[in-house]
Ligand code: TYD
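Residue numbers (our numbering): 283 to 420.
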């Protein structure tokens, strides 16, 4: 994982180790927004990729809590990729970042924390439209 990257912002959660690994996250202390929604993805088709959108306002942190996943991030002028494995390390996906989730494994489980409740109007699902909007950002 590349911690020096400008697009890839990783968040390492505190971990308690006793007879298990226990990770925890609190809004503000570890997550840079108030968590309004969580969702998780299991049993994804390993032949298909997911994502292919950006959000106008929603910010997210994605944890791969089992298996592995590769995330491609794109700010309209630069693309970077990062592989996440089951750990307490989350990937911050800011608003206006086009993201793609590739290389799902059979056992991959993704847990996502989001700053907004679901709103389809917050999605940009057209890549050309995204690029146009992203390039207006100073
Ligand atoms: P989408 O965000 O496109 O999934 P992914 O990022 O994994 O490709 O969502 C897939 C579908 O699920 C889409 O029809 C919207 C719906 N959905 C909700 O209703 N609520 C949610 O919180 C999320 C994340 C998705």
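Think of the CB as a built atom: it goes at the ideal place given N, C-alpha and C, for glycine as much as any other residue.
Less than 6 Å between C-beta atoms, sequence neighbours within five positions excluded: which residues of the same chain meet that for residue i?
{"i": "residue 298", "result": "304"}
{"i": "residue 287", "result": "362"}
{"i": "residue 348", "result": "368, 389 and 391"}
Residue i to residue j, Cα distance in whole Å?
{"i": "residue 302", "j": "residue 414", "result": "47 Å"}
{"i": "residue 341", "j": "residue 355", "result": "13 Å"}
{"i": "residue 336", "j": "residue 300", "result": "39 Å"}
{"i": "residue 350", "j": "residue 366", "result": "6 Å"}
{"i": "residue 360", "j": "residue 308", "result": "31 Å"}
{"i": "residue 369", "j": "residue 293", "result": "11 Å"}
{"i": "residue 404", "j": "residue 377", "result": "10 Å"}
{"i": "residue 381", "j": "residue 402", "result": "16 Å"}
{"i": "residue 411", "j": "residue 325", "result": "31 Å"}
Please classify residue i: is it buried, with 16 or more other beta-carbons within 10 angstroms of its beta-carbon, or exposed?
{"i": "residue 289", "result": "buried"}
{"i": "residue 283", "result": "Its pLDDT being 44, under 50, residue 283 is placed unreliably by the model, and nothing is read from it."}
{"i": "residue 419", "result": "exposed"}
{"i": "residue 285", "result": "Here the model assigns residue 285 a pLDDT of 47, short of 50, so the residue's position is not dependable, and the following value carries that caveat. Exposed, by the Cβ-count rule."}
{"i": "residue 390", "result": "buried"}
{"i": "residue 353", "result": "buried"}
{"i": "residue 320", "result": "exposed"}
By the three-class DSSP mapping on this structure, what secondary structure does residue i have?
{"i": "residue 413", "result": "helix"}
{"i": "residue 403", "result": "helix"}
{"i": "residue 356", "result": "strand"}
{"i": "residue 342", "result": "strand"}
{"i": "residue 350", "result": "strand"}
{"i": "residue 323", "result": "strand"}
{"i": "residue 303", "result": "strand"}
{"i": "residue 392", "result": "strand"}
{"i": "residue 371", "result": "strand"}
Are the beta-carbon atoms of residue i and residue j separated by less than 8 Å?
{"i": "residue 458", "j": "residue 331", "result": "As shown, the chain starts at 283 and ends at 420. That puts residue 458 outside it, with no answer to give."}
{"i": "residue 416", "j": "residue 333", "result": "no"}
{"i": "residue 393", "j": "residue 317", "result": "no"}
{"i": "residue 372", "j": "residue 399", "result": "no"}
Residues in its own chain within less than 7 Å of residue i by CB, not counting five upstream and five downstream?
{"i": "residue 265", "result": "The shown model of the chain, from 283 to 420, leaves out residue 265, and the question about it has no answer."}
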